[in-house]
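Chemist: Residue 196 in numbering that gives the first Met the number 0 sits at position 197 of the first sequence, and the numbers go up by one each step.
Quick reminder that beta carbons are idealized off the backbone N, C-alpha and C, glycines included.
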Amino acid sequence: MKYSKLFGKTLRSVKKDIVLDSHRLLYQGGFIRELSAGRYEFLPLGLRVQQKIIDLIDKEMEKIGSQRMSIPILQPLKIWQKTNRDGVWGSSLMRLTDRNNTEFALSATGEGVVTEMVARSNPTYKDLPVTLHQFIMKFRDELRPRGGLIRVREFIMKDAYSYHTTEEDLMETYEDFHAAYTRIFDRLDLPDVYPVIADSGALGGAYSHEFQMISDAGEDKFVKCDTCDYAANVEKAVFERESVNEDQELKEYEVVELPAEVCTMKQLEEHYGLPPENYIKNVMYKAGDGTLIIATVTGNLDVNEVKLTNAVGKGPLEMADDEDLNSIGSKHGYLHSWGYDEHKDRIIYVVDLSLKKARNLYGGYKTDTTDPINVNYPRDFQADIEADIAESPEGAKCAQCKDGHLHIRKSIELGHIFKYDHFYTKAHDAKFVDKDGKNKYMWSGAYGIGIGRAMAASVEAHHDDAGIVWPAVIAPYHVHLVQLGDNAEITEYAESLYSKLREAGVEVLWDDRTDVSAGVKFADADLIGNPIRVVVSARGMDKGTVEVKKRGEQKSKDVKLDRAVEEVRKILEELLK
RNA sequence: CGGGGAGUAGUUCAGAUGGCUAGAAUGCUGCUUUUGGGAAGCAGAGGUCGCAGGUUCAAGUCCUGUCUCCCCGACCA
0 MKYSKLFGKT
10 LRSVKKDIVL
20 DSHRLLYQGG
30 FIRELSAGRY
40 EFLPLGLRVQ
50 QKIIDLIDKE
60 MEKIGSQRMS
70 IPILQPLKIW
80 QKTNRDGVWG
90 SSLMRLTDRN
100 NTEFALSATG
110 EGVVTEMVAR
120 SNPTYKDLPV
130 TLHQFIMKFR
140 DELRPRGGLI
150 RVREFIMKDA
160 YSYHTTEEDL
170 METYEDFHAA
180 YTRIFDRLDL
190 PDVYPVIADS
200 GALGGAYSHE
210 FQMISDAGED
220 KFVKCDTCDY
230 AANVEKAVFE
240 RESVNEDQEL
250 KEYEVVELPA
260 EVCTMKQLEE
270 HYGLPPENYI
280 KNVMYKAGDG
290 TLIIATVTGN
300 LDVNEVKLTN
310 AVGKGPLEMA
320 DDEDLNSIGS
330 KHGYLHSWGY
340 DEHKDRIIYV
350 VDLSLKKARN
360 LYGGYKTDTT
370 DPINVNYPRD
380 FQADIEADIA
390 ESPEGAKCAQ
400 CKDGHLHIRK
410 SIELGHIFKY
420 DHFYTKAHDA
430 KFVDKDGKNK
440 YMWSGAYGIG
450 IGRAMAASVE
460 AHHDDAGIVW
470 PAVIAPYHVH
480 LVQLGDNAEI
490 TEYAESLYSK
500 LREAGVEVLW
510 DDRTDVSAGV
520 KFADADLIGN
530 PIRVVVSARG
540 MDKGTVEVKK
550 RGEQKSKDVK
560 LDRAVEEVRK
570 ILEELLK
């Protein structure tokens, strides 16, 4: 490709608004443009990278026996309603109606449609297992797109679905995907990617792993043990509660005076002179049906909403507001862990496991002037649910090895694999005929990777001050051919090298511009980030050489004109290995 | 939706207390001189100041409404 003809040029300046390197470089380098919030145009360079990521993933899918297919983007809303996914997804799911007023959802994911498609094929045990995957646009009306391609409203996803006769067989495929994903992120040269135990969220099901890449550009958090292999999303991470005052005897419950202005955890620490794990902290949430949930943890911990949601089992929760607090006669900062007896029918008390390991706590029933001390659970108050509802704090003790400590890492979620069991197949009545002639529900799983996000993650991981440093497998072109000077000899040689390289299967972006300076060309080459740069110039022609340089390296190498193709091929082979 | 910020040339921005023909840089077009890390000169093109109302002799600037975008939270690949 001649750069002079390439649609989508580099830009000299970008908005101050742009905060992530990947966003800035992809935009500045001419890979993407934004149409509206979270909806991006992929320019030729960007699309080439995307296509390479797709090809790479497709190959790995093939290796584990998945077959590529594709389903429509408009899916009858009815299919979503069978699992109440339309309700769970809420306004994240884009909907529209056709001329007959039939309601459709824009594909946000494909479980329903694919499950019904497989079921309609009338499968028997001989047809299973079957694994299908596709690369199609996903539409999700996200609350807030952000960070360029990190979080968008439409994106190509590799989504795969598998169907099985038994749970063991499903697990086998699940593990195949686990391994394939590890290979994919490895091939993409994405460093620090960890499979972490995750919550399934709106997709449903009970068991899943996310593939998280450690990065400050990420919006996710997971914890990782510094001793064993335990890694989990903070929404799921289990950790050992530290004992509080275990050497003390249970002291007698007492009510002491406490000035009203002592309210925050910090003020309590100053007032009582004890560290935060000695206090009781209460937070109130509200379920969709109006039920209020009072969640109690020790003062050093925070309630994790996802954990609490799962513990309560009443659907999505939201933070209670002042009105809700007032409705039971409480107010902000004065929520009690017990005692709302006249409202008992609409309150669920949930205590975290931390309460079980703590003795002689302070608080839990603070009034304007008093505060209880030496509070002990369950001696002094009881709860409806005892559960793990606290978010794992930095440095918490690992529950798996009981030895190491859990550290919080900011991360980008690159992929997610789900073991659904019968969640979708039951709802969609997706059965197979087993050996014994009986109809049984298939077991199923699903597996996703966001292509654009992987592209952004790659840039986050591979760039320097001058621009992107693409791994060769997904670089838009293998070689950035820089022609300096426009005399006949140079142009002729550049052109012939361009053709020869292409004949040798090398992808070349030839900067043939004659109206810009050398500095501009070098800057653009660095910005775009192709892995090999070849410079053809008067300086070289005089010596009978061209310069060859890898993007990440400082020094270039002089190569004889007639050996240039060979040299490039050699370097490329190494890079693609 | 809650909180913070912003919409002016292709791009990035400046335009205080309302005031004449709306500016710069960069990019773009033409010519000339250049050609190894974002060259120089000359000449040009390029704007419904997000949109709709309003106040005023006069609105980019003030008022009301509205839309859009960015950043921080809840949702996800």
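With distances taken Cα to Cα, identify the nearest neighbour of F238 among F521, N303, R152.
Modeler: Residue numbering aside, residue 238 sits at position 239 when the first sequence is read from its first letter. The residue among F521, N303, R152 with its C-alpha nearest the C-alpha of F238 is N303.
Chemist: Kindly confirm or deny that the region 254 to 263 and the region 436 to 453 touch, where touching means at least three C-beta pairs closer than 8 Å.
Modeler: no
Chemist: Thinking just about the alpha-carbon of each residue, which of V567, E488, W469, A445 is nearest to the one in E502?
Modeler: For the purposes of this step, residue 502 is taken as the residue at position 503 of the first sequence. Minimum Cα distance to E502 is reached at V567.
Chemist: What does a CB cutoff of less than 7 Å around F6 pick up in its chain, not counting 5 residues either side in sequence?
Modeler: Locating residue 6 in the first sequence gives position 7, counting from the first residue. Once the five neighbours on either side are set aside, the close Cβ partners of F6 are L42, P43.
Chemist: What's the gap between the Cα of A537 and the Cα of A522?
Modeler: As a working note, residue 537 is residue 538 in the first sequence. As a working note, residue 522 is residue 523 in the first sequence. When rounded, the distance between both Cα atoms is 19 Å.
Chemist: Tell me, to the nearest whole angstrom, how far the beta carbon of L526 is from that of Q27; I am working on the premise that it is less than 8 Å.
Modeler: As a working mapping, residue 526 is identified with position 527 in the first sequence. As a working mapping, residue 27 is identified with position 28 in the first sequence. Going by Cβ atoms, the distance from L526 to Q27 rounds to 6 Å, so yes, they are a contact pair.
Chemist: Should the region 411 to 426 be called in touch with the region 330 to 343, which here means at least 3 C-beta pairs below 8 Å?
Modeler: no
Chemist: Identify the residues that DSSP records as bridge partners of L148: which are they?
Modeler: Residue mapping note: residue 148 aligns to position 149 of the first sequence, counting from 1. Paired residue(s): none; L148 is not in a bridge.
Chemist: Roughly how many angstroms separate the alpha carbons of N244 and R358, rounded to a whole number?
Modeler: Taking the first sequence and counting its residues from 1, the one referred to as residue 244 is at position 245. Taking the first sequence and counting its residues from 1, the one referred to as residue 358 is at position 359. Using only the alpha carbons, I get a separation of about 6 Å.
Chemist: Go ahead and label S353 buried or exposed: buried means 16 or more other beta carbons lie within 10 angstroms of its beta carbon, across all protein chains shown.
Modeler: Residue numbering aside, residue 353 sits at position 354 when the first sequence is read from its first letter. Within 10 angstroms of the beta-carbon of S353 lie 16 or more other beta-carbons, which makes it buried.
Chemist: If the criterion is Cβ atoms closer than 8 Å, does the pair M93 and Q133 meet it?
Modeler: Position 94 of the first sequence, counted from the first residue, corresponds to residue 93. Position 134 of the first sequence, counted from the first residue, corresponds to residue 133. Remark: C-beta atoms of M93 and Q133 do not approach each other more closely than 8 Å.
Chemist: What would DSSP say about G449, mapped onto helix, strand or coil?
Modeler: Here residue 449 corresponds to residue number 450 of the first sequence, with the count starting at 1. Strand at G449.
Chemist: Look at the Cβ atom of P530, then the Cβ atom of H477, and state whether they are nearer than 8 Å.
Modeler: The residue given as residue 530 occupies position 531 in the first sequence. The residue given as residue 477 occupies position 478 in the first sequence. In contact: P530 and H477 (Cβ atoms closer than 8 Å).
Chemist: Check this for me: beta carbons of D379 and Y252, under 8 Å apart or not?
Modeler: By 1-based counting over the first sequence, the position of residue 379 is 380. By 1-based counting over the first sequence, the position of residue 252 is 253. The answer is yes: Cβ separation under 8 Å.
Chemist: If we call anything under 8 Å between Cβ atoms a contact, is G109 one with D168?
Modeler: In the first sequence, counting from the first residue as 1, residue 109 sits at position 110. In the first sequence, counting from the first residue as 1, residue 168 sits at position 169. Contact: no.
Chemist: Give a yes or no on whether the C-beta atoms belonging to I372 and E393 are separated by under 8 Å.
Modeler: Taking the first residue of the first sequence as position 1, residue 372 is located at position 373. Taking the first residue of the first sequence as position 1, residue 393 is located at position 394. No, they are not a contact pair.
Chemist: Determine contact between the region 559 to 566 and the region 452 to 461, defined as no fewer than three beta-carbon pairs at a distance below 8 Å.
Modeler: No, the region 559 to 566 does not touch the region 452 to 461.
Chemist: So, L273 versus T369, is the Cβ gap smaller than 8 Å?
Modeler: Reading the first sequence from its first residue, position 274 is the one you call residue 273. Reading the first sequence from its first residue, position 370 is the one you call residue 369. Their beta carbons are not under 8 Å apart, which means L273 does not touch T369 by this criterion.
Chemist: Mind checking whether F431 and T130 have CB atoms under 8 Å apart?
Modeler: Along the first sequence, read from residue 1 onward, the residue named residue 431 stands at position 432. Along the first sequence, read from residue 1 onward, the residue named residue 130 stands at position 131. Cβ distance not < 8 Å, so F431 and T130 don't count as in contact.
Chemist: How about S410 and G217: are their beta carbons less than 8 Å apart?
Modeler: Within the first sequence, the letter at position 411 stands for residue 410. Within the first sequence, the letter at position 218 stands for residue 217. Yes, the pair counts as a contact, with Cβ atoms nearer than the cut-off.
Chemist: What residues in its chain sit with their C-beta under 6 Å from that of Q23, if we drop five residues either side in the sequence?
Modeler: Here residue 23 corresponds to residue number 24 of the first sequence, with the count starting at 1. Checking the displayed sequence, the identity of residue 23 turns out to be Arg instead of Gln. Hits under 6 Å: V13, I17.
Chemist: Which ranges does the alpha helix (DSSP H) cover as unbroken runs of at least 4 residues, wholly within the region 316 to 375, from first to last along the chain?
Modeler: 321 to 326
Chemist: Excluding sequence positions up to five away, which residues of its chain have a Cβ less than 7 Å from the Cβ of A319?
Modeler: Position 320 of the first sequence, counting from 1, holds the residue named residue 319. The residues are M283, Y284, K285, L291.
Chemist: By how many angstroms is the C-alpha of V48 removed from the C-alpha of I473?
Modeler: Position 474 of the first sequence holds residue 473. Position 49 of the first sequence holds residue 48. Spanning the two alpha carbons is a distance of roughly 5 Å.
Chemist: Do the CB positions of V192 and F221 come within less than 8 Å of each other?
Modeler: Against the first sequence, residue 192 aligns to sequence position 193. Against the first sequence, residue 221 aligns to sequence position 222. Not a contact, by the Cβ cut-off of 8 Å.
Chemist: For a quick check, are the C-beta atoms of I149 and I450 less than 8 Å apart?
Modeler: Position 150 of the first sequence holds residue 149. Position 451 of the first sequence holds residue 450. Taking 8 Å as the Cβ cut-off, I149 and I450 do not qualify as a contacting pair.
Chemist: Just grab the DSSP bridge partners of N232 for me.
Modeler: The residue labelled residue 232 in the question sits at position 233 within the first sequence. Under DSSP, N232 shares a beta bridge with F221.
Chemist: Does P275 come out as helix, strand or coil in the three-state DSSP assignment?
Modeler: Looking up residue 275 in the first sequence gives position 276. DSSP places P275 in helix when its eight states are reduced to three.
Chemist: In chain order, what residues of the same chain have a beta carbon less than 6 Å from the beta carbon of E317, not counting five sequence neighbours either side?
Modeler: Here residue 317 corresponds to residue number 318 of the first sequence, with the count starting at 1. Closer than 6 Å at Cβ, skipping near neighbours: K285.
Chemist: I'd like to confirm the pairing. Which residues does DSSP put opposite K543 in its beta bridges?
Modeler: If you number the first sequence from 1, residue 543 lands on position 544. The question names Lys, but residue 543 in the sequence shown is Gly. None; G543 has no bridge partner.
Chemist: Go through its chain and collect everything with a Cβ distance to R186's Cβ below 7 Å, but skip five positions before and after it.
Modeler: As a first step, residue 186 is located in the first sequence; it is residue number 187 there, counting from the start. L55, V472.
Chemist: Where do the ends of the alpha helix (DSSP H) carrying Q50 lie?
Modeler: Residue 50 sits at position 51 when you count from the first residue of the first sequence. Unbroken alpha helix (DSSP H) run through Q50: 43 to 62.
Chemist: Quick one: what's H208 bridged to in DSSP?
Modeler: Here residue 208 refers to the residue found at position 209 of the first sequence. Note: H208 sits in a beta bridge opposite I196, I416.
Chemist: In the structure shown, what three-state DSSP assignment does K280 receive?
Modeler: Here residue 280 refers to the residue found at position 281 when the first sequence is read from its first residue. Reduced to three states, the DSSP call for K280 is strand.
Chemist: What number of angstroms, rounded off, separates the C-alpha of H177 from the C-alpha of A230?
Modeler: Position 178 of the first sequence, counted from the start, is the residue given in the question as residue 177. Position 231 of the first sequence, counted from the start, is the residue given in the question as residue 230. Cα-Cα distance, rounded: 14 Å.
Chemist: Cα-Cα, which of I388, G45, I70 is closest to D301?
Modeler: Within the first sequence, the letter at position 302 stands for residue 301. Ranking I388, G45, I70 by Cα distance to D301 puts I388 first.
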